[in-house]
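Protein chains in written order, with the working numbering: chain A, 1 to 254; chain B, 1001 to 1295.
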């Protein structure tokens, strides 16, 4: 694991919602072109943590962050850091599929358009390429100009992934992307992850232990705002060092 | 307990019936009083006649329609951009506490009696237009003249009067846009303004349209303020500084001294007004339904 290059380097990260401390001294490394899974019981801080990586917590009033989050060697919480550029490079897929109330086509070209792409042919090309990447092209190619909200939940989520890919990110953050989906849609997304990781770095929050075991290369176990253990997934699942990790994985709490 | 509930239920039903019957009775009354002259004078002549001089037996209400439409249109041109901008600033930009202060100030506008608006317009706006605006206009059009009683004055006052309607309904529909849409947009690297313009406003569109239509209805129906500042001249206006008479203003001004046929004609004006407002309300309701259907 020393050989792999790193995308994010997190050092002594603390986060407060007002007087409540949601993250405590988090140290973590996120490796390039790997899937890192964040597991732990509800309220343990894993969603809060993933949102520090693209600074989505900035939107919440009264959030204070200390410590270091380095993305490509740059401190993303530095005063002059370009958040817009960060969010371009670090895309996010949310728990509940959230396509805009626009057409499928308009959903995907939203990001590129915001970032200045106007060429119609280029946009068309982006739509086809990203929809193929998420294996949705065949299903929707005849109704690109129909409302995205007419798709099924699983299709909507894949559309959201395609929308995220359209801005050509380096990292995709996924906050429980399959928790609102049925098992078939879930397995489609999981196999998609295996393909996407060839090109992207993926961080995924999941409630589902089997999912973490199936798809991820690295796993971090969160409990009460701390990272109790972080290692290669097979080690976490077969031979965890921490007693709490073992109890959680074997389903004794959480 | 059971008997008590039954009585309350009956009372509620009676109240509902009374309000429904009131609407029906008013409608029947207006139509019964106004329809005869529409038939005798001819609907086309009535609506498209350009001469309103009831004492001479001329009942063409086109000047009144033109008056109402021009003042309303002016109010929308001024009030809609202001109202929507205020709604966006209140819901998306100002911090909660400050927004609440601004919002209650805007809502207070709805509580001011319309005659006070009219009086304000009469004392402040009308002279201001005569002494400040007219000289500026005369630089471009030397022959321009105005008493200050004008479409422009009416439009400004009506714009302020419809602000609370536009702001509060637009703001509610903007606030109803799910947070997920904002997050999705920001996570794609859009900034706040891009998110507002490209995602939030389109998603709140039907509510915003409904607010405009309801504001328009209010502007068309407004009487007192308009009487005091538009000059009440029943002729088709040539420009925004001309005096006009509106449908509502004419009814209110002339009902007091009208003879039998004239009175019928005023009721017929009421019918036209009634139908315009009904139509607008219907459009607003359909539009508001669209809001619920879309999200």
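Glycine is no exception: its CB is placed at the ideal position from the N, C-alpha and C atoms. Source: prediction; values computed, not measured.
Nearest to residue i (by Cα), restricted to the options the options
{"i": "residue 1195/B", "options": "1178/B, 1067/B and 1210/B", "result": "1178/B"}
{"i": "residue 55/A", "options": "77/A, 112/A, 234/A and 46/A", "result": "77/A"}
{"i": "residue 167/A", "options": "145/A, 86/A, 251/A and 39/A", "result": "86/A"}
{"i": "residue 1286/B", "options": "1231/B, 1209/B and 1236/B", "result": "1209/B"}
{"i": "residue 1202/B", "options": "1163/B, 1181/B, 1073/B and 1146/B", "result": "1181/B"}
{"i": "residue 241/A", "options": "7/A, 229/A and 82/A", "result": "229/A"}
{"i": "residue 10/A", "options": "213/A, 227/A, 62/A and 165/A", "result": "227/A"}
{"i": "residue 14/A", "options": "35/A, 6/A, 23/A and 248/A", "result": "23/A"}
{"i": "residue 1273/B", "options": "1040/B, 1061/B and 1024/B", "result": "1061/B"}
{"i": "residue 1217/B", "options": "1276/B, 1081/B and 1105/B", "result": "1276/B"}
{"i": "residue 158/A", "options": "145/A, 174/A, 146/A and 170/A", "result": "174/A"}
{"i": "residue 252/A", "options": "36/A, 82/A, 41/A and 25/A", "result": "41/A"}
{"i": "residue 179/A", "options": "172/A, 190/A and 171/A", "result": "190/A"}
{"i": "residue 1228/B", "options": "1221/B, 1249/B and 1184/B", "result": "1249/B"}
{"i": "residue 68/A", "options": "50/A, 59/A, 25/A and 247/A", "result": "25/A"}
{"i": "residue 169/A", "options": "203/A, 136/A and 152/A", "result": "203/A"}
{"i": "residue 17/A", "options": "61/A, 43/A, 33/A and 7/A", "result": "61/A"}
{"i": "residue 161/A", "options": "113/A, 96/A and 217/A", "result": "96/A"}
{"i": "residue 212/A", "options": "200/A, 114/A and 194/A", "result": "194/A"}
{"i": "residue 1044/B", "options": "1031/B, 1030/B, 1059/B and 1032/B", "result": "1059/B"}
{"i": "residue 1078/B", "options": "1166/B, 1130/B and 1094/B", "result": "1166/B"}
{"i": "residue 234/A", "options": "243/A, 225/A, 244/A and 217/A", "result": "217/A"}
{"i": "residue 1159/B", "options": "1081/B, 1105/B and 1097/B", "result": "1081/B"}
{"i": "residue 1071/B", "options": "1282/B, 1215/B and 1278/B", "result": "1215/B"}
Cβ separation of residue i and residue j, assumed to be a contact under 8 Å, to the nearest whole Å
{"i": "residue 65/A", "j": "residue 48/A", "result": "Residue 65/A to residue 48/A, Cβ: 10 Å. No contact."}
{"i": "residue 970/B", "j": "residue 1115/B", "result": "Given that chain B is displayed from residue 1001 to residue 1295, the structure contains no residue 970/B and the question cannot be resolved."}
{"i": "residue 1092/B", "j": "residue 1200/B", "result": "7 Å"}
{"i": "residue 221/A", "j": "residue 45/A", "result": "That pair is no contact at about 11 Å."}
{"i": "residue 201/A", "j": "residue 33/A", "result": "6 Å"}
{"i": "residue 1168/B", "j": "residue 1204/B", "result": "At roughly 13 Å, the Cβ-Cβ gap does not stay under 8 Å, so residue 1168/B and residue 1204/B are not in contact."}
{"i": "residue 1213/B", "j": "residue 1280/B", "result": "5 Å"}
Cross-chain neighbours of residue i in chain A, by beta carbon under 7 Å
{"i": "residue 1203/B", "result": "101"}
{"i": "residue 1194/B", "result": "114"}
Residues near residue i in its chain [Cβ-Cβ closer than 6 Å; skip 5 each side]
{"i": "residue 1268/B", "result": "1034, 1037 and 1038"}
{"i": "residue 1295/B", "result": "Annotation note: pLDDT 40 at residue 1295/B (below 50); position unreliable, no value reported."}
{"i": "residue 1262/B", "result": "1054"}
{"i": "residue 1170/B", "result": "1084, 1087, 1208 and 1211"}
{"i": "residue 1/A", "result": "Since pLDDT at residue 1/A reaches only 44, below the 50 mark, its modelled position is unreliable, and no value is offered."}
{"i": "residue 1138/B", "result": "1144"}
{"i": "residue 145/A", "result": "103 and 105"}
{"i": "residue 1175/B", "result": "1091"}
{"i": "residue 1231/B", "result": "1149 and 1243"}
{"i": "residue 1146/B", "result": "1134 and 1241"}
Same chain only: Cβ atoms within 8 Å of residue i, ignoring 5 sequence neighbours per side
{"i": "residue 1014/B", "result": "none"}
{"i": "residue 163/A", "result": "99, 107, 108, 110, 111 and 130"}
{"i": "residue 250/A", "result": "none"}
{"i": "residue 149/A", "result": "99, 101 and 156"}
{"i": "residue 1094/B", "result": "1102"}
{"i": "residue 137/A", "result": "128 and 131"}
Neighbour list for residue i in chain B, Cβ cutoff strictly below 7 Å
{"i": "residue 84/A", "result": "1189 and 1191"}
{"i": "residue 167/A", "result": "1188 and 1189"}
Chain-ordered chain A contacts of residue i [CB-CB under 8 Å]
{"i": "residue 1186/B", "result": "56, 59 and 87"}
{"i": "residue 1180/B", "result": "94, 96 and 98"}
Amino acids of chain A, ordered along the chain, whose beta-carbon sits closer than 9 Å to that of residue i
{"i": "residue 1009/B", "result": "Correct list: empty, because the minimum Cβ distance to chain A is about 41 Å."}
Contacts that residue i makes with chain B (C-beta to C-beta distance below 8 Å)
{"i": "residue 261/A", "result": "No statement about residue 261/A is possible, as the shown extent of chain A runs from 1 to 254 and does not include it."}
{"i": "residue 163/A", "result": "1184 and 1188"}
Interface residues of chain B facing residue i [CB-CB closer than 9 Å]
{"i": "residue 110/A", "result": "1184, 1185, 1188, 1190, 1198 and 1199"}
Close beta carbons around residue i, own chain, < 7 Å, minus the five adjacent residues each side
{"i": "residue 1019/B", "result": "none"}
ask   = Does the count of Cβ pairs from the segment 1084-1091 of chain B and the segment 1241-1261 of chain B closer than 8 Å reach three?
value = no
query = For the 8 Å Cβ check, are there 3 or more pairs between the segment 59-76 of chain A and the segment 100-109 of chain A?
reply = no
inquiry  = Does the contact criterion of 3 or more C-beta pairs under 8 Å hold for the segment 24-41 of chain A versus the segment 79-91 of chain A?
reply    = no
query = Given 8 Å as the limit, is there contact between the segment 1058-1067 of chain B and the segment 1233-1244 of chain B, that is, 3 or more CB pairs closer than that?
reply = yes
message = Below 8 Å, how does it come out for the segment 123-132 of chain A and the segment 192-208 of chain A: are there three or more Cβ pairs, yes or no?
response = no
query = Is there contact between the segment 1104-1123 of chain B and the segment 1181-1190 of chain B, where contact requires at least three CB pairs shorter than 8 Å?
reply = no
inquiry  = If contact is defined by three or more beta carbon pairs under 8 Å, each pair taking one atom from either stretch, is the segment 1044-1063 of chain B in contact with the segment 1228-1241 of chain B?
reply    = yes
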